[in-house]
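Below is one structure; the comments refer to it alone.
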Amino acid sequence: MVNKLEKGMLVWMKDQKQKGKLITIKGDKAVVEVIVDYIIEGDKKKRVTETVDTEVKNVVKYKERKKKVKKRKKDVLYFAKTHPEAKIPSKRFEDAGYDFYACFDEDEMVLTKHKPNLVPTGVATAMPPKYFLNLKHERGSTAKYGMSVLAGVVDSGFRGQIWINIVPTYKDVVISKTYDFPKVDGKVKPVELEDKIMYPYELAIAQATLELVPNVDVKEISYEKLEKIPSVRGKTQLGESGK
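Here UniProt numbering is used: the first residue of the sequence shown is 1, the next is one more, and so on.
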């Protein structure tokens, strides 16, 4: 160790976890100068130093090392096709929800108004247990035509095909592969007819957000004890709060 150290070189004191300049080595002792502060004198910045007496075995040659920034491992949301023609859900970086698409073999699928209609997507998913997919969201294109998406939770452990439950609110909706849809700026648009709405097969039908599953403990207590837990609202319900 002694042979590797030279007067004036930058060294690192392991115990103090501090960098300094080696001043002297005498036997098994070393003197290291360290910067403890800076002061301003006029227009100049001056270092304030002090010396540290330490053991030679505590001193090593200082090497400039780039700090290794540990990359945070990202969680992975997996999708797989259960139907060869399915479209994998996707989203833009700044968007919250993943767009889901219908997937069926027929030329069209009729969604009856005022009734729940299960639409196949042809995809399945897997994700870490701390997440779930929330399928409760309409898109702008579906909400405009009254295609209400009923709430649906996809648990992390579910491996079957995902279905979207859609209720048309005022007209039947026909998801069609063959209808001659108009294009605006190169994109196909739905068409509202007198008795139904024609909806392009290639447009997304719903959005799903990836959400966290709260990790909490569940404890049963008596209702009397629960009533004593402080609450501003208390038992007011069904408009009784006056809001």
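Beta carbons are placed, not taken as given, at the ideal position from N, Cα and C, and that holds for glycine.
Predicted, not measured: the structure shown is a model, and the values here were computed from it.
Cβ neighbour criterion (16 or more within 10 Å) applied to residue i
| i | result |
| --- | --- |
| Arg92 | exposed |
| Thr169 | exposed |
| Leu212 | exposed |
| Leu226 | exposed |
| Ser176 | buried |
| Lys68 | Note that Lys68 scores a pLDDT of 49, beneath 50, so its modelled location is shaky; the value from the coordinates is reported in the next line. Lys68 comes out exposed. |
| Met1 | Low local confidence applies: a pLDDT of 42 at Met1 is under 50, so the model's placement there is unreliable, with the coordinate-based value given in what follows. With fewer than 16 Cβ atoms within 10 Å of its Cβ, Met1 is classed as exposed. |
| Ile205 | buried |
| Tyr98 | buried |
| Lys7 | exposed |
| Met9 | exposed |
| residue 252 | Residue 252 lies beyond the residue range present for the chain, which begins at 1 and ends at 243; the question has no answer from this structure. |
| Val184 | exposed |
| Gly20 | buried |
| Lys4 | exposed |
Alpha carbon of residue i to alpha carbon of residue j, nearest angstrom
| i | j | result |
| --- | --- | --- |
| Val119 | Pro190 | 17 Å |
| Ala124 | Lys115 | 25 Å |
| residue 246 | Gly42 | Lying outside 1 to 243, the shown extent of the chain, residue 246 is not represented and no answer is given. |
| Ala143 | Phe79 | 25 Å |
| Lys66 | Val48 | Residue confidence is low: Lys66 scores 49 on pLDDT, short of 50, so the model does not pin down where it sits. Its coordinate-derived value is still stated next. One C-alpha to the other measures close to 26 Å. |
| Ala86 | Lys235 | 48 Å |
| Asp53 | Leu22 | 10 Å |
| Ser231 | Gln16 | 53 Å |
| Gly186 | Gln161 | 31 Å |
| Ile221 | Gly157 | 30 Å |
| Leu111 | Cys103 | 14 Å |
| Pro182 | Val188 | 6 Å |
| Leu150 | Val216 | 27 Å |
| Asn58 | Asp28 | 10 Å |
| Pro214 | Val56 | 53 Å |
| Val167 | Tyr199 | 14 Å |
| Met147 | Tyr223 | 41 Å |
| Glu202 | Tyr101 | 7 Å |
Residues that residue i bridges to, as DSSP identifies them
| i | result |
| --- | --- |
| Tyr199 | Ile175 |
| Asp53 | Val31 |
| Ala126 | Tyr78 |
| Tyr62 | According to DSSP, which records beta bridges pairwise, Tyr62 is partnered with nothing at all. |
| Pro190 | DSSP output for Pro190 lists no bridge partner at all. |
Continuous beta strand (DSSP E) stretch holding residue i: start and end
| i | result |
| --- | --- |
| Glu211 | Ala206 to Leu212 |
| Leu150 | First-last for Leu150: undefined, no H or E at that position. |
Residue i, enclosing alpha helix (DSSP H) - first and last residue
| i | result |
| --- | --- |
| Lys17 | Premise fails: Lys17 is in no alpha helix (DSSP H) and is neither H nor E. |
| Lys4 | Taken as a continuous stretch (DSSP letters only), Lys4 belongs to no alpha helix (DSSP H), as it is neither H nor E. |
> What are the complete alpha helix (DSSP H) segments, minimum 4 residues, inside the region 68-124?
Replying inline: none
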